[in-house]
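First residue of the sequence shown? That's 4 in my numbering, and the numbers climb one at a time after it.
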Amino acid sequence: MGSVGKSEPVFLVVTGAWHPPACYEPLKTDLISLGYECIIPHMPSMGHGTNGVTWEADKAKIIEEATSYFNQGREVILVAHSYGGVPATVATEGQGTQERAARGLKGGFNSIIFVAAFAVPVRGWDLLTTFGGAWPDWQDTCESYTKNKLSTVNLKGSKLLYNDTSEEEATRVFSMLLPHSQDAFETGINFIASDIVIPKTYLLCENDLVFPLSLQEALVKGTPAMQEERIAAGHSPFLGKSEELARKLIGISQKAGSAQAA
């Protein structure tokens, strides 16, 4: 087991919709065993009673969690999964290591990795628009843009979201899912993926059954300077392929760190 060193950057995982941090525990365990610190905050837009909460609250939570490391002079790698791409993108604005250094501040985000995530390509778009404008049948949502509603995943989603793991594990994780504020998916952003100035990489999940590979590839092509990596995994590689995912994330972060230093 590796020892966690404070000279290494910290991985901050921004979770996908409905999935609380406990769902990502295998990834956290593997990153720690490989010598990296990992934090996975609970997004405020997820949970019972989150009606009306948007990505703005999630952005604030990401920055709050990261700032405690920035103040120690630490650098943070953002890992955005699925919906997490939306708040992670906006959280980077003005918080890159070089941007902070220019203001006389320590630390900062040194890179961002999108894992089958929403890298919004057009200013003003939201997650729903980026996804094609219609909700899939494995999601139970209210009429679009009705405000103050919650979204949940139905049983159809279990087989689609967790195709890298056993049926038993899929059932266990499915039982942990929480409602998610629908407004978080239906509120546009004005700081988009192409505005990100830190190194950015998209990890395409090639066997994804809910976020089509063609859409992932289109988001890469639509974002200048977005690097591309691939993993032979479904939408939730932190379940069933967590060690492979951890090693991929470390490799990507090391490349990004070298590029930023050059």
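The beta-carbon is built from N, C-alpha and C at its ideal position, and this holds for glycine as well.
- Our two residues, T149 and L130, have alpha carbons roughly 15 Å apart in a direct line.
- Going by beta carbons, F241 and Y27 fall inside the 7 Å limit.
- Using a Cβ distance threshold of 7 Å, T174 and I255 do not count as a contacting pair.
- For E231, the enclosing beta strand (DSSP E) starts and ends at 229 to 234.
- Inside the stretch 173 to 214, DSSP marks whole beta strand (DSSP E) runs of 3 or more residues at positions 203 to 208, from first to last along the chain.
- In the DSSP assignment, the residues bridged to V118 are H84, L206.
- Counting only residues of its own chain and dropping the five nearest sequence neighbours on each side, M229 has a CB closer than 6 Å to the CB of K203, Y205, V223.
- Residue state for G260 is assigned as helix, using DSSP reduced to three classes.
- C26 carries a helical assignment under DSSP once its states are collapsed to helix, strand and coil.
- Closest in C-alpha terms to L180, from the list G160, I192, S169, T168, comes G160.
- When C-alpha distances from H22 are compared across H84, K258, N54, K64, the shortest belongs to H84.
- Scanning F112, E231, N166, L207 for the CA closest to the CA of Q101 turns up F112.
- Runs of alpha helix (DSSP H) with 4 or more residues, each lying fully within the stretch 125 to 173, are found at 130 to 134, 158 to 164, listed in chain order.
- In this structure, the beta-carbon distance from P182 to T155 falls below 7 Å.
- Boundaries of the beta strand (DSSP E) around V13: 13 to 17.
- The beta-carbon distance between G88 and A122, rounded to whole angstroms, is 5 Å. This is short enough to meet the 8 Å contact definition.
- Cβ neighbours of A60 within its own chain (closer than 7 Å, five residues either side excluded): P47, S48.
- Counting only residues of its own chain and dropping the five nearest sequence neighbours on each side, G191 has a CB closer than 7 Å to the CB of G127, W128, D129.
- Within its own chain, the residues whose Cβ lies closer than 6 Å to the Cβ of T168, once the five positions on either side in sequence are excluded, are L242, G243, listed in chain order.
- Bounds of the alpha helix (DSSP H) holding S217 are 216 to 224.
- Each of N193, E170, N157, L164 was checked against the Cα of S239, and the nearest Cα belongs to L164.
- Using a Cβ distance threshold of 7 Å, A119 and V17 do not count as a contacting pair.
- For the pair L37 and E146, the Cα-to-Cα distance works out to about 44 Å.
- The Cβ-Cβ distance between I43 and V82 does not fall below 7 Å.
- Annotated as distal: I65 and S114, with beta-carbon spacing of 7 Å or more.
- DSSP, reduced to helix, strand and coil, places V123 outside both helices and strands of the structure shown, so it counts as coil.
- Secondary structure note for I65: its alpha helix (DSSP H) is the uninterrupted segment 58 to 73.
- Per DSSP, the unbroken alpha helix (DSSP H) holding T100 starts and ends at 100 to 105.
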